[in-house]
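Peer 1:
In this note's numbering, the protein residues as written are 31 to 203.
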């Protein structure tokens, strides 16, 4: 029997998100990207946005015995469900929590009548592009991005080397 559950986030879950994000981000230092690890440590997912997503029902929690150990934040963008962030605490890796969080988001997006899921990720980090490809995502060229995704690209470009980034999309059949 598993002690893990995927559920929609509650307000009381929000204080746990920065630690999950920082711990998940530490892996980037090991991959030769200390600047990304540092961003994960100091520039957390905004709590005001997280509160809005709780109200909208588009923030999911992976919980171990009711304690948050992972999260996926998403919202609608250009007719897709846009995954803003997905983090799982490394101490809880190996339980397919990311896969289950993506599945919860996909269920929501399908119920909303959206065309698919999208996300931005790192091109050459083993637990990024290859991971999402295994979940059915494919590279989505920047030239095809809608206005909301382009704004995200521009925002990310303020802090990240965009030659290392790409958008990916999973279409619903």
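The beta carbon of each residue, even a glycine, is placed where N, CA and C say it ideally should be.
Using a Cβ-Cβ cut-off of 7 Å (strictly less than) and excluding sequence neighbours within five positions of residue 48, which residues of its own chain qualify?
Peer 2: Contacts found: 74.
Peer 1: Helix, strand or coil for residue 55 per DSSP?
Peer 2: In this structure, residue 55 counts as helix in the three-state DSSP scheme.
Peer 1: So, for residue 37: in the same chain, excluding its five sequence neighbours on each side, which residues have a beta-carbon less than 6 Å away from its beta-carbon?
Peer 2: Contacts found: 91.
Peer 1: Starting from residue 23, follow the beta strand (DSSP E) in both directions and report where the run begins and ends.
Peer 2: There is simply no residue 23 to check, as the chain begins at 31 and stops at 203 in what is shown.
Peer 1: Between the alpha carbons of residue 121 and residue 60, how many angstroms are there, rounded?
Peer 2: So the alpha carbons of these two residues sit roughly 16 Å apart.
Peer 1: Residue 171 lies in the beta strand (DSSP E); which residues open and close that run?
Peer 2: That residue, residue 171, is in no beta strand (DSSP E); it is neither H nor E in DSSP.
Peer 1: What's the call for residue 173, buried or exposed, on a 16-neighbour Cβ count within 10 Å?
Peer 2: Counting Cβ neighbours within 10 Å, residue 173 comes out exposed, since fewer than 16 surround it.
Peer 1: Locate the beta strand (DSSP E) running through residue 89, then write down its first and last residues.
Peer 2: Segment 89-94, the beta strand (DSSP E) holding residue 89.
Peer 1: Excluding the five sequence neighbours on either side, which residues of its own chain have a C-beta within less than 6 Å of the C-beta of residue 31, listed in chain order?
Peer 2: Residue confidence is low: residue 31 scores 44 on pLDDT, short of 50, so the model does not pin down where it sits. Its coordinate-derived value is still stated next. Correct list: empty, nothing qualifies.
Peer 1: Contact defined as beta carbons within less than 8 Å: I believe residue 81 pairs with residue 41. What is the distance between those atoms, to the nearest angstrom?
Peer 2: With a Cβ gap of about 7 Å, residue 81 and residue 41 count as contacting.
Peer 1: Can you tell me whether residue 123 is helix, strand or coil according to DSSP?
Peer 2: Correct three-state label for residue 123: coil.
Peer 1: Short of 7 Å in beta carbon distance, which residues of its chain neighbour residue 162, apart from the five on each side in sequence? Order them along the chain.
Peer 2: The answer, listed in chain order, is 149, 151 and 198.
Peer 1: At the level of alpha carbons, what is the spacing between residue 190 and residue 58?
Peer 2: So the two alpha carbons sit approximately 13 Å from each other.
Peer 1: Specify the secondary structure class of residue 198 as computed by DSSP and reduced to three states.
Peer 2: Three-state result, residue 198: strand.
Peer 1: How is residue 128 classed by DSSP in three states: helix, strand or coil?
Peer 2: Residue state, collapsed to three classes: helix.
Peer 1: State the DSSP-derived secondary structure class of residue 156, mapped to helix, strand or coil.
Peer 2: Coil.
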